[in-house]
Amino acid sequence: EVIAQTKKTGIQVKKIDYDDLSLEESICQRIKDGFKQKEDGVVSKEGGEFPYKDKIVVDVAKAIEEHEPLSFISDYLMVSMRELGDAFGRGEVSLPHLLKSADVMRHVMLFLESFMRFQSGVEPGAEIKYKGVVVIGTVYQDVHSIGKDLAKTLLENYGYRVIDLGVQVPLERFIDTARKEGADAIGMSALLVQTSNHMITVSKMLLEQKYSIPVLLGGAPVNARHAGYVAMHGGEETTAILDNVFYCDSGMDGVNTMGLLMDKKKRPSLLKENKEKLLHEYRKAKGIKEERDKLLDTLPKRKVSFRHHEVPSGEFGVHKIEFKLHKLEGSLDKKSLYSLNWKFGKKSSWPAKGVTPQQLQDLQKIWVEKAEQKGWIVPKARFALFPAQSEGDEVIVYDPKNKEVELARFQFDACIGKGRKDVFSVGQYFHTKASGQWDMIGLQITTAGSNVEAGIAEFKAQHDSESALYLQGLSDRVAEDLAEYIHQLLRQRTGTKKDNRGQRYSPGYPALTNLSYNRVIWELLQAEDIGVTLTSANEFYPPSTTAAVICFHKDAAYS
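Per the numbering used here, the very first residue in the sequence shown carries number 19; after that it's consecutive.
Spelled out as C-alpha cells, the structure:
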C-alpha cells in the first residue's frame, strides 16, 4: 500500500509503503508523516471496548501484545516525536506538519491511556508517568487561544500533562491551580500588548507568595524584552531579577524549554544562562524606552501642510457589506496567509520542508471552499464617513446631521518620525477646529463572522489541531484583507483612490495605543449588527475582527 497524503489537506508527503515496515516502524512512520486515517471504530482488548477515531489505533492495539504500553511509549513513540522535533528545529518540518503528526499521536495516546486505566483499574491519569505538569492559559481579558492551543497540543504529545485553563484566565487562578496540581511550570499567552502586561502582575504575585515556579511566556506582543520586564516583577532592582521566566517563540520552543527544565543536570546551567539573557534584555528594553522618551521630548514637531489637501467628498452615514468568501479570495494576501497565518515560514524555507507553492494554493482552495460551504467564514463589514476636525492631537468626530454635535474624540499618540527627524501625531493631518474648515474621517470594522469559533471548537474536540490552525489562520487573514478591501472602497467613494491617499490606524498600535477606541468605533458603526461584541478589555469577539480610523490627508503616514 503506497501512501500519499489525500485531498483533505492538499499537502503531499513522501510516498512510503508502510506494509514494507515492521508493525512498530509502520506506526512510528505514520506518526512522523502525520498520516491520518479517520475512522470511527471500537477495538476490543483484554475484555475492554475502546472507541477510536483513527485507524492507527487498531495497529497500536496489536503492538502492545508484544510490548508493555509504557515501554512502547518511551521506546518507540517518544523517540519518533523527538526525531520529528529535531527535524523541525533544523527547518526540515513545517509547523502544520508537526501539528498533523501530533494529532495522530494524540489518537494513539488517548487509546493507550484508556487501556492502561482499564488494565490497572485506577483513576484516570494516576498510572501515567508524565515528564512534567504544565498549567497554561490565555491571560485575563484576552480571548485569543490559537497560540495556547498549539502549545498544549505539542506539550501533550511530548509527554507532558497539560492543564488548560482556557482564555480570559483570572491571574490568581494560574497560581492556585499550579499549587493544587503540583505543576512544574506555568504557561501564559497573550495577543495584545495591554493584556500581556498581566504577566508582570502574575510574576509579582508569585514573588509576594514566595512561590518559585518556572513561567513560560508566548504570544504576538511577547518577546525577550517583555520577558525581561516580567522577570523584574514590576521592580527596579536588577539584583532581584528572576531566573525562571522564559520567552518561548513557539510551541516547540516551549517543549524544548520544558525538556531542559526537567533535566536535573541541565537545569542549573539553563537557569544561569537565562538569568543573564533576561538581564541583558531588560537593560536593553529600558535603554530603548529612555531613548524614546528623550526623543519625544526633544525632537521638533512635524510641520504639516494643507496647501494641497483636498477634503474628500463622500456620502455620510453607516454602511454594511457582506460577502461570499470566494468573492474575496482574489484579494487575499497569499504570502501572509501561507507564511504567517498558516505558519509555513518564509518561502525560502519551503523546499527543505517539502512544500511547494502549488501545494499551498491547492490547500487554500480546499479551505476557502470548505469554510464557505460550512458557513464558518462569512466576511462582513460596517464602515462610515463622518465630518471631523482636530484640536491638538485629538480628532473630533461630528454628527453628519448636525455638525454642532460631537459624537466622539480620538486622542492620537505622539510618534517619532522616520529617520528620527521629528515628532508627529495623526491628529495633525486633520483641519483644526480653530481654522473653521471641515475635514473627513473614515471608520471601519471588518470581521470573518461569528461562526468560525464553532468550527474551530469542533476541530479541537476531534483532536484535529492541524485543521483548527488552517481555519483560524484563514479567518484572521480574511479579517485583515477585508480591512484593506474596505479601505480601498472608501478611497473609491471619496475620490482618493487614484493616488491611494491617506492611511488607516487601528487602536492598540503605536499611533493610537488606547484600545478603548475599539469601543468608540464599534458604537459609532453599530457593529453588533454584524455579530461583533467586545470584552471588558475592549477586545473584539470573534477574535478575527479588525477596526480602524482612516485619515485621508495625502501625507498621512505611520512614521
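Idealized CB from N, CA, C, for every residue including glycine.
On a predicted model such as this, the values are computed, not experimentally measured, just so you know.
Run through DSSP, which three-state label would residue i get?
i      : result
Pro69  : strand
Leu234 : strand
Thr24  : At Thr24 the pLDDT is 42, less than 50, meaning the model places this residue with poor confidence and gives no usable figure here.
His337 : strand
Phe362 : coil
Ser132 : helix
Asp37  : helix
Glu422 : strand
Arg179 : strand
Tyr356 : helix
Ile568 : strand
Ile434 : strand
Glu57  : strand
Tyr559 : strand
Ile164 : helix
Leu317 : coil
Arg427 : strand
Tell me which residue opens and which closes the beta strand (DSSP E) that residue i is part of.
i      : result
Ile154 : 150 to 156
Glu412 : 412 to 417
Ile259 : Per DSSP, Ile259 belongs to no beta strand (DSSP E) and is neither H nor E.
Met96  : Note, Met96: premise wrong, no beta strand (DSSP E); alpha helix (DSSP H) at 96 to 107.
Tyr523 : 521 to 523
Gln407 : 398 to 409
Ile459 : 457 to 465
Ala203 : 203 to 207
In angstroms, rounded to a whole number, what distance separates the CA positions of residue i and residue j?
i      : j      : result
Val495 : Asp351 : The sequence given here has Arg at residue 495, not Val. C-alpha separation (whole angstroms): 8 Å.
Ser524 : Arg537 : 12 Å
Lys398 : Glu387 : 17 Å
His85  : Ile181 : 29 Å
Val423 : Ala566 : 22 Å
Glu174 : Glu557 : 29 Å
Val157 : Thr195 : 14 Å
Leu235 : Ser534 : 25 Å
Leu508 : Ile474 : 32 Å
Arg427 : Leu168 : 39 Å
Leu425 : Asn241 : 38 Å
His326 : Arg310 : 32 Å
Ser443 : Ala529 : 7 Å
Lys307 : Gln506 : 35 Å
Ile164 : Gly237 : 9 Å
Ala406 : Ser562 : 29 Å
Gln490 : Val373 : 20 Å
Thr512 : Gln159 : 37 Å
Leu130 : Glu110 : 29 Å
Gly272 : Val415 : 46 Å
Arg124 : Ser493 : 25 Å
Ala497 : Gly526 : 16 Å
Lys228 : Ala258 : 13 Å
Asn532 : Val211 : 11 Å
Asp267 : Arg320 : 37 Å
Pro232 : Ala555 : 27 Å
Met127 : Ser483 : 15 Å
Lys419 : Gly335 : 9 Å
Gln480 : Leu381 : 20 Å
Arg522 : Pro239 : 20 Å
Gly467 : Leu288 : 44 Å
Tyr576 : Val322 : 14 Å
Quick one: what's got a C-beta closer than 6 Å to residue i's C-beta in the same chain, skipping five residues either side?
i      : result
Ser221 : Val248, His251
Ser349 : Asp499, Tyr503
Phe136 : Gly66
Ile49  : Ser98, Ser119, Val122, Met123
Glu347 : Val386
Considering only residues of the same chain and omitting the five flanking positions on each side of residue i, which have a CB-CB separation below 7 Å?
i      : result
Gly445 : Ser408, Gly410, Asp411, Glu412, Val413, Phe430
Thr514 : Pro330, Gly520, Phe570
Leu39  : Gln47
Glu199 : Val151, Val153, Ile181
Gly363 : Ser112, Ser357
Give me, in chain order, the residues of the same chain whose beta-carbon lies closer than 8 Å to that of residue i; leave out the 5 immediate sequence neighbours on both sides.
i      : result
Met270 : Gly103, Phe106, Gly107, Leu113, Leu116, Leu172
Lys149 : Tyr176, Gly177, Tyr178, Met276, Gly277, Met280
Gly155 : Lys166, Asp182, Leu183, Gly184, Val185, Val187, Arg191, Phe192, Gly205, Met206, Ser207
Leu88  : Met134, Lys147
Phe68  : Val60, Val61, Ser62, Val75, Ala79, Phe129, Ser132, Phe133, Phe136
What residue range does the alpha helix (DSSP H) around residue i cover?
i      : result
Ser89  : 87 to 90
Ser214 : 211 to 214
With a threshold of 8 Å, are at least 3 pairs of Cβ atoms found where one atom belongs to the stretch 540 to 560 and the other to the stretch 357 to 370?
Contact between the stretch 540 to 560 and the stretch 357 to 370 is not established, with fewer than three Cβ pairs separated by less than 8 Å.
With three or more beta-carbon pairs closer than 8 Å as the criterion, would you say the stretch 294 to 313 touches the stretch 202 to 215?
The stretch 294 to 313 vs the stretch 202 to 215: no contact.
For the stretch 334 to 346 against the stretch 377 to 397, are there 3 or more C-beta pairs whose distance is under 8 Å?
In short, these stretches touch, since the Cβ pair count reaches three.
Mind the definition here: the stretch 445 to 461 touches the stretch 85 to 100 only if three or more C-beta pairs lie below 8 Å; say whether that holds.
No, they do not touch.
Is it a yes or a no for the stretch 435 to 445 touching the stretch 352 to 361, going by three-plus beta-carbon pairs under 8 Å?
No: the two stretches stay apart, fewer than three of their Cβ pairs being nearer than 8 Å.
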